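This is the structure:
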């Protein structure tokens, strides 16, 4: 048993070493881990090469809500960048809430950060230059965008991680969202206090107590409202959009009630003013506006939602007996592509703009897409290790030949009733390794389901708290922090950020872990 556990964990350990010791990128490290998983499954867990390759392909297809969404969203952002639309949005954000630092931090990093990541944009790319322009240090400008959206990471990329969780657990989307929502008001609020502490230690925590609580409860409360209010439930994949928008509006209302200015254009330079004159904010926001409107119609108009989600589920069976419903016409990545094409009516891209977009997209999109897919492939190989064609069907004849079964039994014996607590930190580890909450969900969900059954605890809570831990790992993810640092020419500062952010992520995960013990 001990050897089987070591062999099962070996690929993950190698990935961690490659990323931390050799500083190898997540996609390359993941590919090495996938190859090792295949070899170990073949030589030690009675898994044929056919099963290994079928499982890998099934994992890649199951990753589509995440991997294709990453590729599509990068295309849209590259399009907005090439046409100047993104610069116009940035100029607008620079003017918000200049007179109240705590409110400004909540508005930009929790509100705008949650909204941006929900529609497929990248806060760690967009917000750091804005924060520097507003007078924040490079340290703060890298740290805050990486943590502000973490509470609602489950609803990033228009709910892609939530869709993955729903598919892997076999739980309806709304019920899945309800499991997550219970954690989010407190987690969002604590993230707000963490950001205030990073900027101004206890002085700013005291000064910003009220706006922080308001922003946190609004952000997390919106998730509860979307998942528990019947007429809102159809749009649960838009929770991040709603939560981010509500947080922004509430912070603006808070400033209004205090009599403080909401917009201050004094920070704008001549270059910013020139960008304003070139394009209206309406045109700049057209890709996102079209996208959100399309998704509202698709999710809230029953004939469309039933047709695209249920009737045309575009199911495939790569492993006999296992069905993956791709729902390609319903999933957000299709509509990101459509909204990008339709936005060209307003933004009128030139041939040069299109060429620039394609060049940037080809450089930016492939590796993140591979990174998202490869961790799903690893998870599916582990999940299906020991699978045999018995003639009457494909099944695992000997449980001891399944890598997930071995880990589940070992975990149940090692942790017992504390397992829900430990699962939060497994998520933090998974998020650090994969750089993605969705990949964390793929890697651990079946393992948690088996272990939870052995311990008679709520498997959905255990799997959800692991996913939340994976989201909280964003602030210590080397890839995300390097991305943020690169946008402000501050490469190297990410190592300092990790030292501070590591403590915050550990404490936040501790709170989530304790909540998991109560809920599970």
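In this note's numbering, the protein residues as written are 5 to 524. Using N, Cα and C, we set each Cβ at its ideal position, and we do this for glycine too. Owing to the predicted nature of the structure, the values given are computational and were not obtained by experimental measurement.
Straight-line CA distance for residue i to residue j?
i           : j           : result
residue 135 : residue 500 : 18 Å
residue 346 : residue 284 : 17 Å
residue 389 : residue 49  : 6 Å
residue 267 : residue 354 : 33 Å
residue 271 : residue 333 : 43 Å
residue 490 : residue 298 : 33 Å
residue 325 : residue 282 : 56 Å
residue 438 : residue 26  : 15 Å
residue 367 : residue 69  : 21 Å
residue 246 : residue 159 : 10 Å
residue 487 : residue 365 : 15 Å
residue 132 : residue 279 : 19 Å
residue 256 : residue 264 : 9 Å
residue 357 : residue 5   : 58 Å
residue 67  : residue 105 : 39 Å
residue 101 : residue 300 : 29 Å
residue 93  : residue 78  : 16 Å
residue 15  : residue 328 : 25 Å
residue 320 : residue 19  : 30 Å
residue 36  : residue 43  : 11 Å
residue 81  : residue 261 : 35 Å
residue 190 : residue 224 : 7 Å
residue 103 : residue 139 : 12 Å
residue 178 : residue 276 : 42 Å
residue 1   : residue 383 : In the structure displayed, the chain extends from 5 to 524; residue 1 sits before or after that span and is not available.
Starting from residue i, follow its DSSP beta bridges and name the residues at the other end.
i           : result
residue 391 : 400
residue 575 : The question about residue 575 has no answer here: the residues shown for the chain are numbered 5 through 524.
residue 267 : 100
Name the residue from the options whose alpha carbon lies nearest to the alpha carbon of residue i.
i           : options            : result
residue 248 : 34, 233, 227, 232  : 227
residue 2   : 230, 457, 339, 289 : There is simply no residue 2 to check, as the chain begins at 5 and stops at 524 in what is shown.
residue 175 : 488, 523, 487, 463 : 463
residue 525 : 414, 488, 448      : For residue 525 there is no data in the structure shown, the boundaries of the chain being 5 and 524.
residue 444 : 456, 413, 381, 407 : 381
residue 254 : 112, 313, 194      : 112
residue 308 : 238, 14, 262, 330  : 238
residue 193 : 92, 166, 114       : 114
residue 459 : 205, 431, 413      : 413
residue 442 : 318, 58, 10, 171   : 171
residue 60  : 274, 498, 476, 376 : 376
residue 22  : 482, 507, 492, 511 : 482
residue 54  : 362, 195, 385      : 385
residue 495 : 146, 292, 313      : 146
residue 519 : 396, 422, 455      : 422
residue 467 : 411, 420, 524      : 524
residue 31  : 475, 440, 507      : 440
residue 522 : 76, 425, 435       : 425
residue 525 : 52, 184, 74, 123   : What the structure shows of the chain is the stretch from 5 to 524, and residue 525 is not part of that stretch, so it cannot be assessed.
residue 107 : 258, 492, 314      : 258
residue 205 : 165, 144, 235, 229 : 144
residue 164 : 123, 202, 379, 216 : 123
residue 295 : 410, 312, 338, 317 : 338
residue 477 : 493, 507, 456, 461 : 507
residue 202 : 142, 252, 188      : 142
Among the residues of its own chain, which have a CB less than 6 Å from the CB of residue i, if the five just before and after it don't count?
i           : result
residue 250 : 222, 226
residue 479 : 150, 151, 505, 509
residue 2   : Nothing in the structure corresponds to residue 2, since the chain is present only between 5 and 524.
residue 450 : 387, 408
residue 405 : 49, 50, 390
residue 162 : 241, 336
residue 399 : none
residue 156 : 118, 244, 247
residue 109 : 199
residue 453 : 463
residue 360 : 86
residue 303 : 238, 239, 309
Answer yes or no: the CB of residue i versus the heavy atoms of the ligand FMN, is any distance below 7 Å?
i           : result
residue 154 : This structure lacks the ligand FMN; in fact it carries no ligand of any kind.
By Cβ distance below 7 Å, which residues in the same chain neighbour residue i in space, the five residues on each side in sequence not counted?
i           : result
residue 429 : 473, 513, 517
residue 351 : 87, 89, 287, 290
residue 502 : 480, 485
residue 218 : 254, 258
I'd like the list of long-range same chain contacts for residue i, defined as Cβ closer than 8 Å, with 5 residues on each side in sequence excluded.
i           : result
residue 269 : 99
residue 401 : 390, 392, 394
Next on the checklist: Restricting to runs no shorter than 4 residues, where is the alpha helix (DSSP H) found entirely within the segment 29–101?
Outcome noted: 30–48, 53–66, 68–87, 89–98
Next on the checklist: So within the segment 188–245, which uninterrupted alpha helix (DSSP H) runs reach at least 4 residues, ignoring any that extend past its ends?
Outcome noted: 188–211, 213–232
Checklist entry - What residue ranges within the segment 327–364 form continuous alpha helix (DSSP H) runs of no fewer than 4 residues, ordered along the chain? => result 336–351
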